[in-house]
Structure formats: C-alpha cells, structure tokens
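These protein sequence lines are chains A and B, in that order.
So the first sequence is residues 0 to 148, counted in numbering that gives the first Met the number 0.
So the second sequence is residues 0 to 263, counted in numbering that gives the first Met the number 0.
Okay, structure first, notes after.
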Amino acid sequence: MTERRNTTSGVLAGVGLVAFIDETVFHQLLHWHHFYDKSTTDVGLVSDGLFHALGFFAVVSGLFLFADLRRRHSLNWARWIGGVLLGAGGFQLYDGLIQHKLMRLHQIRYQVDVIPYDVAWNVIAALMIGLGTVLTIRSRSGRAATVDT
Amino acid sequence: MIPEHLGGGPGLLETLGPLLALIGIAIYLGLALRGRQPGTRRRCGLWVAGSLAAVAAISGPLATAAETSYVAHMGGHVLLGMLAPLLLVLAAPVTLLLRTLPVSTARQLSHLLGSRPIRVLTEPVVAAVLSVGGLWVLYTTGLYSAMHHHRGLHLLVHVHLFIAGYLFTAAVISVDPMPHRRSFLHRSVVLVLALAAHDILAKHLYVHPPDGVLAPAAETGAMIMYYGGDVIDVAIMVVLGAGWYRVTRPRFRRPIRGAGPTLA
C-alpha cells in the first residue's frame, strides 16, 4: 500500500515535472516548440489538451501525495525518485514519439535538422525509464529484494 | 473585428450587473460582520474581489472594448466565467447563509439545496458540460456573432457563462455543503477532462475563430483563453488537493500499522 503510494506520487510528480519543463523551457523561454503547427492533426490537439491538463493535475496531486507520505513518515526516497523517473521518462517518450512524430503536434525545433534533437529527446526518455525501473525494483522491501539479485 | 456592434445606451447587463453585485456585497458583509468567526475577513475579501472581477467583465472599459475586440472579450470571459466564480465560491456564501439565517429559513434553504434540480446541476459532470459545453456552442456556432446583434442574447450568454462557471467551480471544490458530494477522484477526473476540453477549444479557435475575427486577434484571444484557463484551473486543483490533504489527515498519533518499516 505505502510502496504503491510512493510510486504513484513519484510518477505523478514526474509527469508533471516534464510537462512543466516542456511548457516553460521549450515553449516559453526557448520558443523552440510552437503553440500550433500547420501540420497539427485533430487527434494531436485532443492529446495535447488532455496531457496539458493532466500535467498540471499530476504535479499538484503528486506533491499533495508526497506531503501525505511525509506526514505519515512513510516516504521512501529511492522508490519515490524511481517513480519520478518512470513518470518523467514515460511521458517524455510519449511526447517524443506519439505526439511529435505520429500526431505531428509540433516539432522539437524548427529550421534545423530535427533528427539529433529527436534522438536526444527519446534516448534521455529511455534512460529515465531504465533508471526508474532499476530504482523501483531495488527499493522493493523484504522478500522481493532478495529475489532479483 | 465585428462590423456592427450593439449601439445605443448601456444595456441591462451593464447597469443591472453592478447593481446586483453591490447588493450582493452589502448582504454578504452585513451577514458576515454580524457574527464574526475566524477567517471572516478573508472570506469578505474574497467575496468583494469576486464581485469586482465579475463587474469589471460586464461594465466599464473592458466590457466596452469587448463589444468590438475579440481579445478583450476573451479577457472578460476569463474574469466572468472563471476568476469571479472561483473567488465567490471560496467565500462560501451558502455556509454563511446557513449559519446566520433564522433556523426555519436556514432549514428551508437546506431543503432547497437538497432538491432534485440542484442535485442534478451540482453533479460535476453536468456542471462541466454546461460550462465548457456552453463555450463550444458559443464559439463554434453562429452564436458569437449573433450575440453582438441582439441584446437579449448578449445578456443570456453572459448570465450563462457566469452561473455555469460558478456551478462548475462549486461542484468541483465543494467548499460549501453539497447535497451529494462526489469523491475526490470523481471530481479530479471531471476537472482534468473539463480543462482538457477547454484547452482543445482554445487551440481549435486559434485557427478556426468565430466569424468576423481576424487571425492576429484570434491567435492572441486563443492564448488568453488557453493560459488564463490554466491559471484558474491550477488554482482550483490546489484548493481541491488541500481539501483532500485536510480530510485524509492521520487521526492517530502512533504510526499506522504497516506504514513504519519503509523509512529505515
């Protein structure tokens, strides 16, 4: 129960963190991403709206769950950070592969060769998922911890 | 730009709106200051601020500009349909009424709140459809341009925008007693879907604005709608989360069974 809560809180905070970085850094500061792109598909718009809303909700609810874990003295940092990496990597991979490429919502950057950006984006996402998985598995308590070595 | 807009003197909305807001402020302050409680000053501030936000949207320079400018209209829409309802809901007017009215009147009010129409209207799904669904109808049909030619329609659209916004906010954050309060999960899901539908509409309007709105205004207006909606809805999420945090507080000082060992 507590382990699952640590993961849930971490995943939500991770999804929210990536959504937040995406919006502030890539949309607002760098102006690499576009609000709307001529090739944006309808399904891309729906997906963007859903994940934009979910991103905000994820960060707010993830942090309230985090505060709840702390006041109950049941926060497990390794597991929580594992969750953050899983959420962040999972969402970034979805954004990079499905939203940018398949739904063509917008590209990472314009007027440059986008391939290195795409590769970096998705490799970082995969690394976060890998590290998150390791942390989550290794932070399992009791019996499970001895099984996976 | 809208070629021809509402002419003549100030309409019903511009004169009656501020008057209603003033009456509302007078009643709220009168009742609240009679029997002071912790937080009375904060709630009075919220009520006054919410009333002013609504008035700013329907009369004065912003409202005048909104008759011809789509960008000003969108700014007013965020004030009237989102910010004003949030501030007013946080002032918990129903709680104030139930506490200060004579017992028999308070009982009648509480009976009214439990009635079927109110139960239906305060179901988050219904309130969300009325609120965001109403926006889809307003901006994707001819209603937006028709509204600028008929005073009655103009009044109706604004009253709907405000009431639907209030119902939605009240149904989701439930500061006041609700006849049938839904779970936090239910309210959260509805809130996320409503915000998503709002954001999708904003981006849709970025390229497909209502008739007569030119591209630059359409783009700025869409961004005001998109980001303005985000700000208010994140505030609603924080209020909702804080409510959950308060309700789920641990009741016992000793650690709960099974919760201890994870922290070494």
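Just so it is clear, CB atoms sit at the ideal spot from N, CA and C, and this is done for glycine as well.
Contact check, residue i vs residue j, beta carbons under 8 Å
i, j, result
"I199(B)", "V45(A)", "yes"
"A90(B)", "R42(B)", "yes"
"L134(B)", "V156(B)", "no"
"V83(A)", "L16(A)", "yes"
"L86(B)", "A62(B)", "no"
"A64(B)", "A55(B)", "no"
"S187(B)", "S60(A)", "yes"
"A57(A)", "L11(A)", "yes"
"S149(A)", "L68(A)", "No answer is possible for residue 149(A): it lies beyond the span of chain A, which begins at 0 and ends at 148."
"A119(A)", "G88(A)", "no"
"A193(B)", "T121(B)", "no"
"A77(A)", "L134(A)", "yes"
"V93(B)", "P176(B)", "yes"
"G80(B)", "F161(B)", "yes"
"N121(A)", "L74(A)", "no"
Three-state secondary structure assigned by DSSP to residue i
i, result
"G23(B)", "helix"
"H110(B)", "helix"
"V174(B)", "coil"
"S73(A)", "coil"
"P208(B)", "coil"
"F90(A)", "helix"
"R4(A)", "helix"
"I264(B)", "For chain B, the structure presents residues 0 to 263; residue 264(B) sits outside this window and is missing."
"V14(A)", "helix"
"A214(B)", "helix"
"L29(A)", "coil"
"F50(A)", "helix"
"T14(B)", "helix"
"T139(B)", "helix"
"T121(B)", "coil"
Candidates the options, of which the one nearest residue i by Cα
i, options, result
"P115(A)", "L101(A), T132(A), G95(A), D21(A)", "G95(A)"
"A31(B)", "G16(B), S144(B), L108(B), L96(B)", "L96(B)"
"V128(B)", "L11(B), R40(B), V191(B)", "V191(B)"
"L54(A)", "L130(A), Q91(A), W79(A)", "Strictly speaking, residue 54(A) in this sequence is Gly, with Leu absent from that position. Out of L130(A), Q91(A), W79(A), Q91(A) has the C-alpha closest to the C-alpha of G54(A)."
"Y143(B)", "Y165(B), R98(B), Y244(B), Y69(B)", "Y69(B)"
"G48(A)", "P178(B), P176(B), K202(B), A126(B)", "K202(B)"
"G86(A)", "G13(A), T135(A), D21(A)", "G13(A)"
"D21(A)", "T6(A), F50(A), T40(A), N75(A)", "F50(A)"
"L51(B)", "G34(B), R33(B), T67(B), I22(B)", "I22(B)"
"W243(B)", "G211(B), Y226(B), L184(B), H197(B)", "L184(B)"
"D229(B)", "Q107(B), L112(B), L78(B)", "L78(B)"
"F65(A)", "I136(A), T1(A), Q110(A)", "T1(A)"
"T168(B)", "R40(B), L15(B), I231(B), H76(B)", "I231(B)"
"R245(B)", "D117(A), H30(A), F63(A)", "F63(A)"
Whole-Å CB distance - residue i paired with residue j, under 8 Å assumed
i, j, result
"R115(B)", "H179(B)", "Not quite, the Cβ-Cβ distance comes to about 11 Å (not below 8 Å), so this is no contact."
"A163(B)", "A126(B)", "7 Å"
"S58(B)", "P84(B)", "18 Å between Cβ atoms; not a contact."
"Y205(B)", "A221(B)", "4 Å"
"L12(B)", "L154(B)", "5 Å"
"A20(B)", "A53(B)", "6 Å"
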